[in-house]
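Going line by line, the protein sequences match chains F and G. Following UniProt numbering, the numbering of the first sequence begins with 1 at its first residue and continues without gaps. Following UniProt numbering, the numbering of the second sequence begins with 1 at its first residue and continues without gaps.
2 protein chains.
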Amino acid sequence: MFAGAQLSLYPMTDNFVDVIMSSLSAFDPYRDRLRIETDDISTLVVGPPEVLFPALRDFYVAAASTRHHVVLRATLSRGCPGEPDDPICSTSALANPSEPLAERQKAALAAVANAKTTSETARAQFSLYVMGAGDHMAEIMGCIDFLKSSGVFDRSKNFCSRLTGDAGPVFATLEQAFCRFGPPEGHVTVDLTVSANSPSTA
Amino acid sequence: MFAGAQLSLYPMTDNFVDVIMSSLSAFDPYRDRLRIETDDISTLVVGPPEVLFPALRDFYVAAASTRHHVVLRATLSRGCPGEPDDPICSTSALANPSEPLAERQKAALAAVANAKTTSETARAQFSLYVMGAGDHMAEIMGCIDFLKSSGVFDRSKNFCSRLTGDAGPVFATLEQAFCRFGPPEGHVTVDLTVSANSPSTA
């Protein structure tokens, strides 16, 4: 299995380089369990979802705490048939394929209820894509049902769902959406945007 | 059919609001053929691909011409089963389902060769997702073959492909990727990032 994300941080300030560089230290506690490569558009982070999502959360919280308007963007993927297996991605976080949707929704809600809170609000918008054989819309609708009970559901929009709440439960909800819907051997991707300190919400 | 995009512009400057507001006038020539709604995270643009991509190109060129480091982000979708049919999305730009992959690649290359150039370079990174029944990886690999011959292919990355070149052929290539791969009645999405004036490329 291969899993990870292409992520970018957009700080809406002249000092964007400083905000990006200082926020990157949030990855330090996770670096031994991730492979990280950067170019001028995005940073590739390869690793299992249970490491990736907490690292993304801490990166977001570090950037948001600068009080600048910042946006974290990530293209997340697991199980793409075009990517090689990588031992660093070994995970036990994906749902059992024989488990019915209702059981997976229940386990996802329990994980979100246990999420620790942070000092920052996260306004997130994301799309979950489930590819290959099987009823991809059933999995997506099952995921949306879970989102609506997550405590951080904001609203459905065209092409995506919005979550608003403390960054702890918001990133936990995103992790559960990524891990528990779509088959564990399938190709699942998430297109994610998380916004902090936007003047439009003031 | 329902088609459109959730898009956001991220100018890395203290004057980000001015850059966004001034660039939005690039949509004016297209407004009668699009439906546009804005919130604090993104702007929904509903309409057919042959209007959407030129409008995105002009919006990007307007923002890039400010010489600030700006990033255009879009979540594009066509044919999502969860969205209602909308007459404004009527299009003849989608490939004929009975046409073999090689014919569609040839037509896509001809369209890119006819694209007018602009005054700006676009560094784009995108993922194409094809959902539902059928061999989604065959369509994606067929699209990647087209990209490699497009004249603006930069390189493959994990989870995405990079295009670099004048914004004219780059956005034309993106439009062809979106329209000619995956069945016309299918659910196809693109996760797109286009970067201008990054100091990391200097």
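Where a beta carbon is used, it is the ideal one built from N, C-alpha and C, also for glycine.
Distance, residue j Cα to residue i Cα
i, j, result
"arginine 73/G", "alanine 196/G", "12 Å"
"arginine 33/G", "glycine 151/F", "38 Å"
"proline 199/G", "phenylalanine 178/G", "30 Å"
"methionine 1/G", "arginine 155/F", "22 Å"
"threonine 189/F", "alanine 62/G", "31 Å"
"histidine 136/F", "leucine 56/G", "29 Å"
"residue 206/F", "alanine 167/F", "The requested residue 206/F is not part of the displayed model; chain F covers only 1 to 202."
"isoleucine 88/G", "proline 11/F", "35 Å"
"alanine 138/G", "phenylalanine 159/G", "16 Å"
"serine 90/F", "lysine 148/F", "30 Å"
"aspartate 85/F", "histidine 187/F", "13 Å"
"aspartate 14/G", "alanine 102/G", "48 Å"
"lysine 157/F", "leucine 128/F", "13 Å"
"threonine 118/F", "aspartate 145/G", "45 Å"
"proline 81/F", "isoleucine 140/G", "11 Å"
"valine 130/F", "leucine 192/F", "15 Å"
"tyrosine 60/G", "phenylalanine 27/F", "31 Å"
"glutamate 120/G", "glycine 132/G", "37 Å"
"alanine 122/F", "valine 19/F", "17 Å"
"alanine 115/F", "valine 194/F", "18 Å"
"tyrosine 30/G", "alanine 107/F", "47 Å"
"threonine 38/F", "valine 51/F", "18 Å"
"proline 100/F", "serine 92/F", "18 Å"
"phenylalanine 53/F", "alanine 124/F", "13 Å"
"threonine 66/G", "phenylalanine 16/G", "11 Å"
"aspartate 40/F", "leucine 9/F", "11 Å"
"serine 42/F", "threonine 201/G", "12 Å"
"glutamate 83/F", "phenylalanine 153/G", "19 Å"
"phenylalanine 126/F", "glutamine 105/G", "31 Å"
"isoleucine 36/F", "aspartate 58/F", "16 Å"
"alanine 64/F", "glutamine 176/F", "23 Å"
Bridge partners - residue i, DSSP secondary structure assignment
i, result
"arginine 35/F", "Val46/F"
"valine 17/G", "BP columns for valine 17/G are empty, so no partner."
"histidine 187/G", "Met131/G"
"threonine 164/G", "Arg123/G"
"threonine 193/G", "Arg73/G and Gln125/G"
Residue span of the beta strand (DSSP E) that contains residue i, given as start and end
i, result
"proline 11/G", "3–11"
"phenylalanine 126/G", "121–131"
N- and C-terminal bounds of the alpha helix (DSSP H) containing residue i
i, result
"valine 152/G", "Where valine 152/G is concerned, there is no enclosing alpha helix (DSSP H), given that its DSSP letter is neither H nor E."
"alanine 177/G", "167–180"
Minimum length 3: unbroken beta strand (DSSP E) runs contained in the stretch 57–115 of chain F: The qualifying runs are 70–78.
Counting pairs of beta carbons, one from the stretch 16–28 of chain F and one from the stretch 76–84 of chain F, are three or more of them closer than 8 Å? No: the two stretches stay apart, fewer than three of their Cβ pairs being nearer than 8 Å.
Any chance the stretch 163–176 of chain G sits against the stretch 110–119 of chain G, with 3 or more Cβ pairs inside 8 Å? yes
With a cut-off of 8 Å, do at least 3 Cβ pairs link the stretch 63–72 of chain F to the stretch 177–191 of chain F? no
Say whether the stretch 44–52 of chain F touches the stretch 4–23 of chain F, bearing in mind that this needs 3 or more beta-carbon pairs closer than 8 Å, one atom from each stretch. yes
Taking one C-beta from the stretch 92–100 of chain G and one from the stretch 155–166 of chain G each time, how about it: are there three or more such pairs within less than 8 Å? no
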